[in-house]
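Its first residue numbered 0, the first sequence is counted upward by one per residue in numbering that gives the first Met the number 0.
C-beta atoms are modelled at their ideal positions from N, C-alpha and C, and glycine is treated no differently.
First comes the structure, then the notes that go with it.
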Amino acid sequence: MPDAGIRVRFAPSPTGHLHVGGVRTALFNWLFARHHGGTFILRIEDTDRSRSTEENLGFVLDALTWLGLDWDEGPPAPGYRQTERFDLYRAHAERLLRAGRAYYCDCPPAQLEAERKAAEARKETFRYSGRCRDRGLAAGALRLRIPDEGSTVVHDLIHGPVVFEHRQLDDWILVRTDGTPTYNFCVVVDDVDMRITHVIRGNDHLSNTPKQVLCYEALDYPVPQFAHASMILGPDRSRLSKRHGATSVQAFRDEGILPEAMVNYLARLGWSHGDQEIFTRQELIERFDVKDVASSGAIFDRTKLEWFSHEYLKMTDGARLAAMAIPFIERAGLPVPADRARLAAMLETLRERAKTLVELVEVGRFYFERPREYEPKAAEKFLTVDGAQRLQRLIELVQAAEPFTAEVIETAVRALAAELSLKLVDIAQLARLAVTGRTASPPIFQVLALLGRDETLVRLRAVQVAIAR
RNA sequence: GACCCCGUCGUCUAGCCUGGCCCAGGACGCGACCCUUUCAAGGUCGAGAUCGCGGGUUCGAAUCCCGCCGGGGUCACCA
0 MPDAGIRVRF APSPTGHLHV GGVRTALFNW LFARHHGGTF ILRIEDTDRS
50 RSTEENLGFV LDALTWLGLD WDEGPPAPGY RQTERFDLYR AHAERLLRAG
100 RAYYCDCPPA QLEAERKAAE ARKETFRYSG RCRDRGLAAG ALRLRIPDEG
150 STVVHDLIHG PVVFEHRQLD DWILVRTDGT PTYNFCVVVD DVDMRITHVI
200 RGNDHLSNTP KQVLCYEALD YPVPQFAHAS MILGPDRSRL SKRHGATSVQ
250 AFRDEGILPE AMVNYLARLG WSHGDQEIFT RQELIERFDV KDVASSGAIF
300 DRTKLEWFSH EYLKMTDGAR LAAMAIPFIE RAGLPVPADR ARLAAMLETL
350 RERAKTLVEL VEVGRFYFER PREYEPKAAE KFLTVDGAQR LQRLIELVQA
400 AEPFTAEVIE TAVRALAAEL SLKLVDIAQL ARLAVTGRTA SPPIFQVLAL
450 LGRDETLVRL RAVQVAIAR
């Protein structure tokens, strides 16, 4: 049942590369919007000017684009960065002040700090005393007046009702003494202004939610629905961070993880639909329900991410593989085959042998360059006087094969093996070592056909020379 | 420390609301075997969870109630 009225947002702070935790939040929001036919908004929280840079914003936009998480509203359109919206925050602050729901406070930071320490010593939560509540000051930091009694209930779509006693909350700062609005205030004003109906974000924001709810109420605005997804954890079960290794989307992209694998893995991390693991994008959109998002934290498991990537690699046709792999071939310092169709065919022989694009190139290195060396143990076994004789027969066979296809070569090699009373594997491995320098590769006859008669002969002869020495 | 969230195989999870179909199912990873020109892929099988712990309710609890314990998060004129 499409509900065009649904509006959700992803509000990253461009202070670095986009983190997998952030991406999952973006993904859940995007899926929720697409599932309901609603609107997905991208908003940039760039009030931290020292760390928010254009370059970082570029990383965020690139990452979302790479994953196919398109936004309906947001950059480059103006009006979706907090730094562009200061007037709005100021206007709301004044409203709150006039209505008596907020007041100025000029308590010196040093004194506040002392009180905080004292509260800590008494083993209590620090809570602003409310000293300036009724002083009627005309300047200072603007605080929200929070009721002393009662409680606020956050009706979370994932966790159910969560109760917070007002005694635990304090009159938090909306606007600093220097006139800049604080994060929690900006979020409320922005969400109201953008008519956000559902706030889907990380669990780390749950504790701040009652403060925000009280702010909505003070402003006399409807409170949106909240859904706090669990966090992504490192192996030690603490929140995933850089010290747990690569966590930016950019890093996974550089490693050659396929974007659809990233999306599928992140979706399954904390969300499930029965026993199904692999979902097409369309299935994800159809089946996603925020109610099915898990409430417990989940450890990030790159092994499983790689499994997904492997699965998608196996399903990808040669043409797309080629398009995706070319940058990786170049980055490895290898020449990109000019014949695109041939490259596509090569990559298709490789895809079930690699979990990432980086591995795809590595495992198929021999397609792009001649072997620099031969695996020592195998060389000892195959590159012998006997081997040289077999190699000679192989060369003759390659010269004669017509047409030069895997099938024709295979038939001829099988006949040769029978003639020499050898097992097929003996000749196959000799050929493999000669042509790839290794003992593992895609089916050797296919490899020879893909390499072509001339290149095959060059490599076989090179081995003959190596043996002769 | 206070407050809040969370707690099923190593990991992600199903089941929990509406107790019995669960001496707990699937997936990743791991092991074995089959297939096989190598490596993969594929197929088959297997090991792996006394459902955090302790009480209680009940004929019967992973599922309901109570109490603990453990982990994480939040407590800024940071975002």
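| Asked | Found |
| --- | --- |
| Cut-off 6 Å between Cβ atoms - residues of its own chain near L205, not counting five sequence neighbours on either side | H227 |
| Bounding residues of the beta strand (DSSP E) (the contiguous stretch that carries P160) | G159 to E164 |
| Selection from S440, A321, R330 and V262 that minimises the alpha carbon distance to W306 | V262 |
| Beta-carbon separation (whole angstroms), V292 vs G255, contact threshold 8 Å | At roughly 29 Å, the Cβ-Cβ gap does not stay under 8 Å, so V292 and G255 are not in contact. |
| Residues near R458 in its chain [Cβ-Cβ closer than 8 Å; skip 5 each side] | R369, P370, A433, V434 and L450 |
| Nearest to E418 (by Cα), restricted to the options R301, Q275, A340 and R392 | R392 |
| Secondary structure of R468, DSSP reduced to three states | coil |
| Collapsed DSSP secondary structure at A417 in the structure displayed | helix |
| Assigned exposure category for D69 - 16 Cβ within 10 Å defines buried | exposed |
| Alpha-carbon spacing of D203 relative to M230, whole angstroms | 8 Å |
| Buried or exposed (CB count within 10 angstroms, at least 16 for buried), H197 | buried |
| Nonlocal neighbours in the same chain, by C-beta distance under 7 Å from F158, ignoring five residues either side | It is His, not Phe, that sits at residue 158 in the sequence shown. Hits under 7 Å: H227 and S294. |
| Between the CA atoms of R166 and Q211 - distance to the nearest angstrom | 16 Å |
| Test item: CB-CB of A324 and L304 under 8 Å | no |
| Buried or exposed (CB count within 10 angstroms, at least 16 for buried), R431 | buried |
| Nearest-angstrom Cβ-Cβ length linking F299 and L232, presumed shorter than 8 Å | 7 Å |
| Beta-carbon gap between T46 and C185 smaller than 8 Å | yes |
| Outcome for I277 when other beta-carbon atoms lying within 10 angstroms are tallied against a minimum of 16 | exposed |
| Opening and closing residue of the beta strand (DSSP E) in which L41 lies | T38 to L41 |
| R94: first and last residue of the uninterrupted alpha helix (DSSP H) it sits in | F85 to R97 |
| P72 (DSSP reduced to helix, strand or coil) | Note that residue 72 is Glu in the sequence shown here, rather than Pro. In the structure shown, E72 sits in a strand (DSSP, three-state: E or B). |
| Where the beta strand (DSSP E) containing Y102 begins and where it ends | A101 to C104 |
| 8 Å CB neighbourhood of G99 in its chain, flanking five on each side removed | R144 |
| 8 Å Cβ cutoff met for R89 and I43 | no |
| Outcome for Q445 when other beta-carbon atoms lying within 10 angstroms are tallied against a minimum of 16 | buried |
| Proximity below 8 Å, CB of L429 to CB of F381 | yes |
| Residue nearest to F367 in terms of C-alpha spacing, selected from F31, A337, R8 and G201 | A337 |
| Nearest-angstrom Cα separation, counted from R238 out to V407 | 57 Å |
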